[in-house]
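If you're matching positions, the sequence shown starts at 28 in my numbering and goes up one per residue. The beta-carbon is built from N, C-alpha and C at its ideal position, and this holds for glycine as well. Reviewing the structure listed below.
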Amino acid sequence: MSEALTSTAPKIVVVDDDHELLKLISMLLRRIGAEAHAFSHGQEALAFLQDETPDMVVLDLMLPDVDGLEILRQIRAQPRFETMPILILSAKADPNTIRQGLDQGADGYVTKPYIANSLIDRVRLLLRVGRQPGATVEQPSHNPSHLS
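Now the structure itself:
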């Protein structure tokens with residue numbers, strides 16, 4: 028899992044209020060050659076995005092300060108983020124929430140608990156193909172060999 032994605036490290040913003048999970052996801056992203064920018068609050072991530080244009084965002088929906096779907100809406104409202112992939116990573120596994128996230132501009136949805144390799148595969152795919160409206164990468168599954 029040490030193979031880099033590209034010659035220049037893609038910048039990925041990760042937003043999740045679970046500090047241990049945030050560290051784990053950041054470590055997984057660094058292993059594939061990405062530069063992870065981790066935030067446990069939505070407002071921190073939005074402030075970072077005012078000055079930076081990352082290659083991708085991995086976003087939890089349940090955050091302590093702002094609803095993840097609201098963050099998604101705010102990001103998608105900015106034209107400079109039109110082609111940036113956004114992957115939702117959430118414990119909310121009901122079909123209505125998944126559909127709502129995808130309808131509001133997410134390019135993929137992975138449910139917690141997740142399998143580390145599946146998450147990384149989806150990140151790699153979205154980085155490779157970029158944002159293609161209408162095309163989504165979903166993975167709502169629960170497996171005993173997961174990381175939560």
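In the DSSP assignment, the alpha helix (DSSP H) including residue i goes from what residue to what residue?
{"i": "L55", "result": "H46 to R58"}
{"i": "V156", "result": "A143 to V156"}
{"i": "L99", "result": "G95 to R103"}
Residue i lies in the beta strand (DSSP E); which residues open and close that run?
{"i": "S117", "result": "I113 to S117"}
{"i": "A63", "result": "E62 to F66"}
{"i": "G135", "result": "G135 to T138"}
{"i": "L86", "result": "M83 to L86"}
{"i": "V42", "result": "K38 to V42"}
Rounding to the nearest angstrom, what Cα-Cα distance links residue i and residue j in this structure?
{"i": "Q131", "j": "I59", "result": "28 Å"}
{"i": "M54", "j": "V84", "result": "15 Å"}
{"i": "L152", "j": "T110", "result": "14 Å"}
{"i": "I39", "j": "E62", "result": "6 Å"}
{"i": "S67", "j": "D148", "result": "23 Å"}
{"i": "L197", "j": "G135", "result": "The question about residue 197 has no answer, for the chain in this structure spans 28 to 175."}
{"i": "D45", "j": "A104", "result": "26 Å"}
Cβ of residue i less than 8 Å from any chain D Cβ?
{"i": "L152", "result": "In the displayed structure, chain D is absent; only one protein chain is listed."}
Is residue i close to the ligand GTP? I mean its beta-carbon at under 7 Å from any heavy atom of the ligand.
{"i": "R155", "result": "Absence of the ligand GTP from the depicted structure is noted, as is the absence of any ligand whatsoever, leaving it without description."}
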